[in-house]
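K.L.:
Sequential numbering of the sequence shown, starting at 8, is according to our numbering.
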Amino acid sequence: KNERTFIMVKPDGVQRGVVGDVLHRFERRGYKLVALKMIQAPKVLLESHYAEHKGKKFYEPLLTYIGSGPVVAMVWEGLNIVSVGRKMLGATDPAKSEPGTIRGDYGIVTGRNIVHGSDSETSAQREIDLWFRPDEINQWPHTA
Ligand code: CMP
8 KNERTFIMVK
18 PDGVQRGVVG
28 DVLHRFERRG
38 YKLVALKMIQ
48 APKVLLESHY
58 AEHKGKKFYE
68 PLLTYIGSGP
78 VVAMVWEGLN
88 IVSVGRKMLG
98 ATDPAKSEPG
108 TIRGDYGIVT
118 GRNIVHGSDS
128 ETSAQREIDL
138 WFRPDEINQW
148 PHTA
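#1: Tell me which residues share the same chain as R35 and place their Cβ nearer than 8 Å to its Cβ, disregarding the 5 neighbours each side in the sequence.
#2: Taking 8 Å as the cut-off, is the CB of G24 close to at least one heavy atom of the ligand CMP?
#3: For the ligand CMP, any of its heavy atoms closer than 8 Å to the Cβ of Y72?
#4: Which residues does DSSP list as the beta-bridge partners of K50?
#5: From this set, G114, L40 and R119, which residue's C-alpha is nearest E143's C-alpha?
#6: K17 and V122 look like a contact to me (Cβ under 8 Å); what is the Cβ gap, rounded to whole Å?
#7: K50 to Y72, Cα distance in whole Å?
#8: Please give the ranges of any alpha helix (DSSP H) in the region 20-48, keeping only runs that are unbroken, at least 4 residues long and fully inside the region.
#9: Does the region 50-59 come close enough to the region 104-115 to have 3 or more Cβ pairs within less than 8 Å?
#10: Compute the minimum distance between the beta carbon of L69 and the heavy atoms of the ligand CMP, and state whether it is under 8 Å.
#11: Quick one: is the Cβ of K17 within less than 8 Å of any heavy atom of the ligand CMP?
Here it is, written out as structure tokens:
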């Protein structure tokens with residue numbers, strides 16, 4: 008099924024120079040990039056984005072971490088991108104993420120796990136609407 012997902016390189020990923028690799032992995036897999044921006048996310052945006060985690064013990068540290076520098080936010084499109092994208096990212100806990108995945112290749116700490124990816128089509132739609140205006144989503148012919 009053709010889908011869209013929201014992928015974000017977190018501040019630690021940006022600081023460590025992982026942006027190019029993340030882009031390359033999705034491009035070479037055959038996915039289509041339809042939106043991309045670098046943004047220092049305001050706190051209200053992060054509160055909305057992570058609303059489901061409000062009240063958990065990692066919530067405040069999480070907002071501090073994601074707000075600690077610019078992130079690179081993207082929308083990718085293609086066949087089963089939500090689930091395939093999650094596989095490409097690897098498990099949330101880098102100790103459990105397989106080598107060959109983004110987190111499995113770069114991370115060792117859950118609190119600094121490099122990238123975010125939507126966990127369902129419903130959250131993808133919600134997150135895309137949160138981070139991008141409709142006119143920031145591009146239409147172009149993809150031939151990969
Ligand atoms: P993400 O996929 O962005 O969704 C929630 C984020 O919370 C997660 O990646 C981690 O960066 C962060 N986090 C920190 N501690 C935990 C935890 N114990 N369980 C789940 N997520 C955590």
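Each residue gets a CB set at the ideal place from its N, CA and C atoms; glycine is no exception.
P.N.:
In short:
#1: none
#2: No, since every heavy atom of the ligand CMP falls outside the 8 Å radius drawn around the Cβ of G24.
#3: yes
#4: None, per the DSSP bridge assignment.
#5: L40
#6: 6 Å
#7: 11 Å
#8: 26-36
#9: Under the three-pair Cβ rule at 8 Å, the region 50-59 does not count as touching the region 104-115.
#10: yes
#11: yes
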